[in-house]
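If you're matching positions, the first sequence starts at 1 in the working numbering and goes up one per residue.
Every residue gets a Cβ at the ideal spot worked out from N, C-alpha and C, and that includes glycine.
Below: the structure, in structure tokens.
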Amino acid sequence: MLDLRAIRSHPDEFRQGLERKHADPTLIDQLLRVDEAWRNALAEVERLKSVRNKASEAIAKKKRNGEDASADIAQMREVSDRIKMLDDEVRRLDDEVKELLLTIPNIPHASVPDGKDEQDNVPVRYWGDKPAFPFEPRPHWEIAERLDIADFERAAKITGSRFVVYKGLGAKLERALANFMLDFQTSRNGYTEMFPAFIANETSLIGTGNLPKFGDEMFKLEGLPYYLIPTAEVPLTNYHRDEILDASQLPVKYAGYSACFRSEAGSAGKDTRGLIRLHQFQKVELVKLVLPETSYDELERLVEDAASVLEALNLPYRVIEICTGDLGAKETKKYDLEVWMPAQGVYREISSCSNFEDYQARRANLRFRRDETSKPEFVHTLNGSGLAIGRTVAAILENGQQEDGSVRIPDALVPYLGVDVIRPAE
RNA sequence: GGAGUGAUGGCCGAGUAGGUCGAAGGCGCUCGCCUGCUAAGCGAGUAUACGCCCAAAAGGCGUAUCGACGGUUCGAAUCCGUCUCACUCCGCCA
1 MLDLRAIRSH PDEFRQGLER KHADPTLIDQ LLRVDEAWRN ALAEVERLKS VRNKASEAIA
61 KKKRNGEDAS ADIAQMREVS DRIKMLDDEV RRLDDEVKEL LLTIPNIPHA SVPDGKDEQD
121 NVPVRYWGDK PAFPFEPRPH WEIAERLDIA DFERAAKITG SRFVVYKGLG AKLERALANF
181 MLDFQTSRNG YTEMFPAFIA NETSLIGTGN LPKFGDEMFK LEGLPYYLIP TAEVPLTNYH
241 RDEILDASQL PVKYAGYSAC FRSEAGSAGK DTRGLIRLHQ FQKVELVKLV LPETSYDELE
301 RLVEDAASVL EALNLPYRVI EICTGDLGAK ETKKYDLEVW MPAQGVYREI SSCSNFEDYQ
361 ARRANLRFRR DETSKPEFVH TLNGSGLAIG RTVAAILENG QQEDGSVRIP DALVPYLGVD
421 VIRPAE
């Protein structure tokens with residue numbers, strides 16, 4: 001959430017920020033209106049409580065001296081009733097302020113290119129040579145079915161559409177990629193490996209910004225205040241919730257492997273085939289908690305950390321900078337990594353790296369202290385996929401495919417998979 | 001799932017016939033003194049959030065906070081209810 005005091009002192013900056021994001025700038029005015037009402041009610045109730053506290057003290061004194069205090073008590077009864085009413089009012093207004101604050105999106109960073117939607121995103125660099133095929137490249141789902149390494153039909157039988165069962169070398173490829181990515185990010189890029197729970201509570205989801213607004217993108221456990229995590233970002237970012245870290249601990253860098261569950265509400269008809277858009281996929285997620293003044297440098301480094309996996313796997317990709325209109329609600333700045341998918345002839349998102357500044361840190365109360373005497377400040381949080389495994393499988397299958405239906409495995413992965421080519425059964 | 005115990009400040013730990021308790025005491029930490037150095041000793045200080053005053057900082061005033069929420073009361077760390085978490089025992093499991 002945004003800083004309420006900052007909004008009070010220069011609301012125009014926030015209105016403009018929301019406009020850049022094509023969000024509703026009048027949210028700021030709504031907020032300020034309720035905030036003022038809240039502060040007025042608060043001042044009044046605190047004044048009455050002050051009266052009450054003094055009177056209570058006087059009553060205590062009288063009683064100790066054996067004097068009669070019944071008149072004072074009767075008088076205070078009225079004050080107390082009024083306090084009770086005002087307290088309800090204050091609570092109601094305070095809830096309203098908090099709810100609005102939780103709903104208002106983050107403001108884009110000054111460096112983010114203006115734009116309306118994804119059409120206006122800006123490619124910033126390209127890496128790798130797209131493979132040239134002397135034949136018509138097949139889509140990955142066809143390759144996978146032919147190699148008998150992924151089974152969508154039976155997954156639909158077991159669960160439903162948008163699920164997959166990996167089989168044989170497909171299952172091992174999934175496992176090999178997870179191991180490879182975790183090893184890579186821990187040993188090469190200095191992340192601490194984490195293995196979180198796949199279920200998180202509502203407080204955690206509010207902390208990362210998935211609730212209250214985006215509950216319908218997740219699977220909720222029936223009758224419980226628990227959700228299946230849509231990404232390991234949720235448990236990893238909440239790991240230090242309500243803590244005050246020492247500045248010397250920063251940056252905190254976590255790499256967590258998890259399954260990710262997405263309801264994909266509203267995406268009917270999109271990417272209905274293959275591994276691109278499933279209700280469950282696995283991912284290695286990178287999360288950083290950093291000093292505020294370093295967060296944009298850390299974002300650039302995060303992009304490199306994610307991109308270096310693609311380079312190690314020799315998968316062609318590009319980096320695009322997301323424009324203001326296409327930014328998610330929580331982000332101040334975001335880069336997507338898009339991997340080349342030869343069969344469709346398009347780049348597909350395989351990683352998304354974002355800076356949230358203190359938007360999540362405020363929600364999750366993630367703070368640090370510069371030294372023993374200084375006041376706690378909010379950290380900046382960042383995260384990026386490093387990478388989405390299902391889409392990496394798809395990219396490896398499509399980019400490594402050969403005319404005979406076999407698939408060449410990237411060299412870096414061979415020690416993990418045990419073979420350098422996946423061939424169709426005879 | 002059943003039975004029980006507990007939750008107080010950075011940590012430990014007092015505080016139940018409700019009233020000068022934001023909370024004794026100790027440890028830790030900070031500053032000063034003392035000391036050849038260290039240790040010990042002595043003195044002072046040491047929570048957070050929010051609102052108001054102030055151009056701002058400094059500072060001042062006020063309110064709230066003893067797991068959370070709600071209730072009783074003029075007044076709650078202390079009484080009542082609900083919940084959460086932790087621990088112990090039993091059962092059940094990987």
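In this structure, N355 places its C-beta atom within 7 Å of the C-beta atom of L299. Using a Cβ distance threshold of 7 Å, L177 and I389 count as a contacting pair. Taking 8 Å as the upper bound for CB-CB distance, L286 and G384 are in contact here, some 5 Å apart. Counting the other Cβ atoms within 10 Å of the Cβ of N65 gives fewer than 16, which makes it exposed.
The beta carbon of V51 is closer than 8 Å to those of V79 in its chain, skipping five residues each way along the sequence.
Taking the C-beta atoms as reference points, V90 is found nearer than 7 Å to V45. P137 is a Cβ neighbour of A343, given a cutoff of 7 Å. Beta-bridge pairing by DSSP links W38 to no other residue. Restricted to the region 277 to 311, not a single alpha helix (DSSP H) segment is unbroken, complete and at least 4 residues in length. Take the alpha-carbon of A200 and the one of L2: they are about 23 Å apart.
Partner residues in a beta bridge of V90, as assigned by DSSP, do not exist. C-alpha of S406 to C-alpha of H140: approximately 12 Å in a straight line. Only residues of its own chain outside the window of five on either side were considered, and among them L286, K288, C353, L382 and G384 have a CB closer than 7 Å to the CB of L302, listed in chain order. Residue state for A268 is assigned as coil, using DSSP reduced to three classes. Counting along the chain, no alpha helix (DSSP H) covers A388; the unbroken beta strand (DSSP E) around it starts and ends at H380 to A388.
The beta strand (DSSP E) runs lying completely inside the region 46 to 128 and spanning 3 residues or more are 122 to 127, given in chain order. When beta bridges are read from the DSSP output, M194 appears opposite G256. Counting the other CB atoms within 10 Å of its CB gives L221 a total below 16, which places it among the exposed residues. Between I322 and P123 the beta-carbon gap is near 11 Å, outside 8 Å, which marks them as no contact. Approximately 6 Å separates the beta-carbon atoms of T392 and I350; this is inside 8 Å, confirming the contact.
Of the residues L387, V379 and P292, the one whose Cα lies closest to the Cα of D336 is L387.
Within the region 203 to 255, the complete beta strand (DSSP E) segments at least 3 residues long are 226 to 228 and 243 to 246, listed from N- to C-terminus. With a contact defined as Cβ atoms closer than 8 Å, T192 and A247 miss out at about 18 Å. Beta-bridge pairing by DSSP links K157 to no other residue. Following the DSSP letters along the chain, one finds S374 in no alpha helix (DSSP H), marked with neither H nor E. The beta carbon of R369 sits closer than 7 Å to those of I244, D246, A247 and P376, all from its chain and outside the five residues before and after it, given in chain order.
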